[in-house]
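A.B. asks: All residue numbers for the sequence shown refer to this note's numbering, where the first residue is 42 and numbers rise by one.
Ideal Cβ positions, reconstructed from N, Cα and C, are used throughout, including at glycine.
None of these values were measured; they are calculated from a predicted model.
Starting off with a structure, shown below.
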Amino acid sequence: MAETLRQTYFVPPVPVVVAKHLDVFEKIGLNVDSKVTRSSNEQRDDLLNAECDVAITAIDNMLVWNQHVDDFRLVGQVERTTPLGLYARSGLTDVSGLSGLRFAVDAASNGFAIAAKYLLAEEKVADVEFVEIGGVSERLAALLEERVDATLLGPPFDEMAEQEGLTQLATVNDLARDYPGQGIVVCESRLDEIQPRLHLYLKLLHEAVTWTASARRQEGLELLAQAGFGPRAQESGWDTKPTTLVPSAAGLELLVHMRDELGMLPSTFQDIHSLWRSDVLEAALGSS
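In structure tokens:
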């Protein structure tokens, strides 16, 4: 009987897209059910309620989630970085103009909101009102409807924003080049339960990452186009694909640095590297 793994994400990352394209999940007998989430809070709740097995999400989310239930752990990273552009409504042409305005975020105290706050702080922009809207699709809609004045967007929503005439004022990645891509997060308390399907999943994503390392660029772009990626999303997706599922140590440390600079390190925080369960990935890649 085939195993079924349930994953939740905002946008499918390249290794997942490639694995599906190569049919490696089906060939080895793993069913992967995917859910497009509306927010990181929904991902957290789905993990805690065993409604999903893995969440592909901003790694920073774990730092706040673990304040309430110390159960969230990182078992892989599926992007080298997440391209994040700061987009603003018509009439705004400079980051400095965001002072006193409304900025859409998924959750105000974690995830990409920390990157946004860090960027604004570095630009010395103050008194911004952070409005919890939800996931990237919801944030783009709020910006287009002018319910907010600015937000962070990644592929393919950055491309959609520009097609609608919105302006990119800055990027997180120019300011913080080590900013880590999204990670694969699980509940540690369920590791024994989900181990067989999780190991299969990680092993197959590793195969997908290996395939991308040897694939021609044009072949990769065409694959992403077939998966529904727009021209820019194809380029950025391929350019930020991971070379390994192992999280970047520099990226993890940057997340801590950002929070420390903002005075937003959780009171219970000890060490971000302890949240990385390297043994899970090692066991998956060592299993037959």
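Quick check on Lys68: buried or exposed, where buried means 16 or more other Cβ atoms within 10 Å of its Cβ?
C.D. replies: Here residue 68 refers to the residue found at position 27 of the sequence shown. Exposed, since its Cβ has fewer than 16 Cβ neighbours within 10 Å.
A.B. asks: With DSSP as the reference, identify every bridge partner of Leu72, one or two as the case may be.
C.D. replies: Position 31 of the sequence shown holds residue 72. Position check: residue 72 holds Asn in this sequence, whereas Leu was assumed. DSSP output for Asn72 lists Thr45 as bridge partner(s).
A.B. asks: With DSSP as the reference, please indicate the residues paired to Leu14 in a beta bridge.
C.D. replies: There is simply no residue 14 to check, as the chain begins at 42 and stops at 329 in what is shown.
A.B. asks: Is it the case that the Cβ atoms of Asp147 and Asn90 are separated by a distance below 9 angstroms?
C.D. replies: Indexing the sequence shown from 1 puts residue 147 at position 106. Indexing the sequence shown from 1 puts residue 90 at position 49. Cβ distance not < 9 angstroms, so Asp147 and Asn90 don't count as in contact.
A.B. asks: Return the first residue and the last residue of the beta strand (DSSP E) that Tyr128 is part of.
C.D. replies: Residue 128 sits at position 87 when you count from the first residue of the sequence shown. Tyr128 -> beta strand (DSSP E) spans Gly126 to Ala129.
A.B. asks: Which partner residues does Ala211 have in the DSSP bridge list?
C.D. replies: For this step, residue 211 is matched to residue 170 along the sequence shown. Paired residues: Leu127.
A.B. asks: Tell me whether Pro197 is buried or exposed, calling it buried when 16 or more other Cβ atoms sit within 10 Å of its Cβ.
C.D. replies: In the sequence shown, residue 197 corresponds to position 156, counting from 1. Buried, by the Cβ-count rule.
A.B. asks: Please list, in chain order, all residues of the same chain as Ser329 whose beta carbon is under 8 angstroms from its beta carbon, the five residues on each side excluded.
C.D. replies: Within the sequence shown, residue 329 is the residue found at index 288, counting from 1. Here Ser329 scores only 47 on pLDDT, less than 50, and its place in the model should not be relied on; the value that follows carries that caveat. Nothing meets the Cβ criterion.
A.B. asks: Which partner residues of Tyr50 appear in the DSSP bridge assignment?
C.D. replies: In the sequence shown, the residue the question calls residue 50 occupies position 9. Answer is Val77.
A.B. asks: Does the segment 272-287 come within contact of the segment 93-101, defined as at least 3 CB pairs closer than 8 angstroms?
C.D. replies: Cβ pair count under 8 angstroms is below three, so no.
A.B. asks: Within the chosen definition, does the segment 231-244 reach the segment 152-165 through at least 3 CB pairs nearer than 8 angstroms?
C.D. replies: Counting Cβ pairs under 8 angstroms, fewer than three are found: no touch.
A.B. asks: Let's see if you can read the secondary structure: which residues bound the beta strand (DSSP E) around Ala91?
C.D. replies: Here residue 91 refers to the residue found at position 50 when the sequence shown is read from its first residue. Element bounds for Ala91: n/a, residue is neither H nor E.
A.B. asks: Per DSSP, what are the beta-bridge partners of Arg143 in this structure?
C.D. replies: By one-based count along the sequence shown, residue 143 stands at place 102. Arg143 is bridged to Glu170.
A.B. asks: Helix or strand or just coil, what does DSSP make of Ala99?
C.D. replies: As a first step, residue 99 is located in the sequence shown; it is residue number 58 there, counting from the start. The answer is coil: DSSP assigns Ala99 none of H, G, I, E or B.
A.B. asks: Taking the alpha carbon of Ile225 as the reference point, which residue from Asn72, Ser319, Arg130 and Val105 has its own alpha carbon closest?
C.D. replies: Along the sequence shown, read from residue 1 onward, the residue named residue 225 stands at position 184. Of the candidates Asn72, Ser319, Arg130 and Val105, the one whose C-alpha sits nearest the C-alpha of Ile225 is Ser319.
A.B. asks: Taking the straight line between their C-alpha atoms, what separation do you get for Asp112 and Asp64?
C.D. replies: By one-based count along the sequence shown, residue 112 stands at place 71. By one-based count along the sequence shown, residue 64 stands at place 23. Approximately 32 angstroms between the Cα atoms of the pair.
A.B. asks: Tell me whether Ser329 sits in a helix, a strand or coil according to DSSP, three-state version.
C.D. replies: Your numbering for residue 329 matches position 288 in the sequence shown. Note that Ser329 scores 47 on pLDDT, short of 50, meaning its location in the model is unreliable and no value can be drawn from it.
A.B. asks: Below 8 angstroms, can you find three or more Cβ-Cβ pairs linking the segment 244-255 to the segment 176-183?
C.D. replies: The segment 244-255, when compared against the segment 176-183, does not touch it at the 8 angstroms Cβ threshold.
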